[in-house]
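Peer 1: Protein chains in written order, with our numbering: chain A, 5 to 233; chain B, 3 to 83.
Ideal Cβ positions, reconstructed from N, Cα and C, are used throughout, including at glycine.
The structure follows.
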Amino acid sequence: MRFGVAVYPGSNCDYDTYRVIRDVLKEDVQLIDYRSTDIEHYDCIILPGGFSFGDYLRPGTLASHTPLTGAIKDFADRGGFVIGICNGFQILTEAHLLPGALMPNIHGKFVCRHQYLRVENADTPFTNQCEEGQILKIPIAHHDGNYFVDEDTLRKMEDNGQIILRYCDEFGNITEEANPNGSIRNIAGVSNEKKNVFGLMPHPERASESILGTEDGLYILRSILEHHS
Amino acid sequence: MLIKFFIKPRKGVLDPQGRAVSENLRSLGFNNVKDVKVGKYIEVYVEENDREKAVEQAKEMAKKALVNDLIEDYQFEVVED
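See the structure below:
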């Protein structure tokens, strides 16, 4: 499988993501400059975490107007697989590849911690190695992770199985205390209608080696490999 | 022409900055402060003499980049620079 990792000015999880795919998954991977539009030969493109263009204007906005993001929109429209992690998730919502918006955390603080997540839909290209209701432990690190979407759209997303991950406690309970940022209905990760675009605030690349304390991020990365094979 | 954009969080959308500033003002003794919204002010200078064209352009800029209408409201005014 051929992965491409987008690199915008200010991306800072690009090389971490690249290294996990190269050294842990042992798959073909390249970094792609934000000015490039040559992406047709990839099977999956990952928009990594960081602070693209300094998060000026709104997180992800300036990155969403670059040549690379334009090419990623066409790629996704043709069914190509796209994953946005943290700032990558913000870019995907600003590019309208995913519904909703990410607002500042409800408490106004940057939050960095290990977080439990409940898999709400295990029948997607990004979660097929999980079981429904499985609890994953994956770190989060963000200031603007407060997912918001209007009620009508949210209902449609729920009916269509687009809510993929929710913040929960260690037992899988979806509680207010387990919600690190105020996201509507504890949402941590969503997909588009066709299920080929996935955005999530947690960092699976930071949870892909035992030395990091959790390998649960591999469930997500291995799901996309399984789907492709 | 100069386009002045005033952008603020939509009503009902939480504004942690506004809340923090509001609490701070009250702690300074401004006890009648009810609420504070912290927004953004953006100046865009365009080489355009036709005011109507500048207004149309301002709306497009807001829609395509400057404002996320899911979470933000905005106003703008066009003035001679």
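1) Give me the residue from Ala-64(B), Val-38(B), Leu-16(B) with the minimum Cα distance to Ser-187(A).
2) Using a Cβ cut-off of 7 Å (strictly closer), state whether Leu-27(B) contacts chain A.
3) List, in chain order, every chain B residue whose beta-carbon is nearer than 8 Å to that of Phe-152(A).
4) In terms of DSSP beta bridges, what is Thr-128(A) paired with?
5) Going straight from the alpha carbon of Val-28(A) to that of Asn-164(A), what length do you get?
6) Roughly how many whole angstroms lie between the Cα atoms of Gly-83(A) and Phe-32(B)?
7) List the residues of chain A whose Cβ lies closer than 8 Å to the Cβ of Gln-59(B), in chain order.
8) Using the DSSP secondary-structure output, state which residues sit across from Asp-37(A) in a beta bridge.
9) List, in chain order, every chain B residue whose beta-carbon is nearer than 8 Å to that of Ala-105(A).
10) Distance cutoff 7 Å, beta carbons only. Does Ala-64(B) sit that close to anything in chain A?
11) Taking buried to mean at least 16 other C-beta atoms within 10 Å of its own C-beta, is Val-24(A) buried or exposed?
12) When you compare only the Cα positions, how much space is there between Ser-212(A) and Lys-42(B)?
13) Leaving aside the five residues before and after Tyr-60(A) along the sequence, list all residues of the same chain whose C-beta is less than 8 Å from its C-beta, in chain order.
14) Alpha carbon to alpha carbon, how far is Gln-77(B) from Lys-10(B)? Give it in angstroms, no decimals.
15) Can you give me the start and stop residues for the beta strand (DSSP E) that Lys-66(B) sits inside?
16) On the CB-based measure, 16 or more other CB atoms within 10 Å of its CB, does His-231(A) come out buried or exposed?
17) Would you mind sorting Ser-68(A) into buried or exposed? The rule is 16 or more other CB atoms within 10 Å of its CB.
18) Strictly below 7 Å CB to CB, what residues from chain A border Gln-77(B)?
19) Within the 7 Å Cβ cut-off, does Gly-58(A) reach chain B?
20) If we count Cβ pairs, one from each stretch, closer than 8 Å, do we get three or more for the segment 195-213 of chain A versus the segment 166-179 of chain A?
Peer 2: With the given structure in hand:
1) Distances from the alpha-carbon of Ser-187(A) to those of Ala-64(B), Val-38(B), Leu-16(B) put Leu-16(B) closest.
2) Between Leu-27(B) and chain A, the shortest Cβ-Cβ separation is not below 7 Å.
3) Within 8 Å Cβ-Cβ: Val-15, Leu-72, Ile-73.
4) For Thr-128(A), which the question treats as bridged, DSSP gives no partner whatsoever.
5) Rounded to whole angstroms, the separation of the alpha carbons of Asn-164(A) and Val-28(A) is 33 Å.
6) The straight-line gap from Cα to Cα measures roughly 56 Å.
7) Going along chain A, no residue has its Cβ under 8 Å from Gln-59(B), so there is no contact; the nearest lies around 16 Å.
8) Val-11(A), per the DSSP bridge assignment.
9) The answer, in chain order, is Asn-70, Leu-72, Ile-73.
10) Judged by the 7 Å Cβ criterion, Ala-64(B) is not in contact with chain A.
11) Flag for Val-24(A) reads buried.
12) Straight-line Cα distance between these residues: approximately 39 Å.
13) Same-chain partners within the cutoff: Leu-66.
14) Between Lys-10(B) and Gln-77(B), the C-alpha separation is close to 9 Å.
15) That residue, Lys-66(B), is in no beta strand (DSSP E); it is neither H nor E in DSSP.
16) Under a 10 Å Cβ-count criterion, His-231(A) is classified as buried, with 16 or more other Cβ atoms of the shown protein chains found around its own Cβ.
17) Looking at its Cβ environment, which holds 16 or more other Cβ atoms inside 10 Å, Ser-68(A) is buried.
18) None at all; the shortest Cβ gap to chain A is about 17 Å.
19) False, the Cβ-Cβ gap to chain B never drops below 7 Å.
20) Verdict: yes, contact present.
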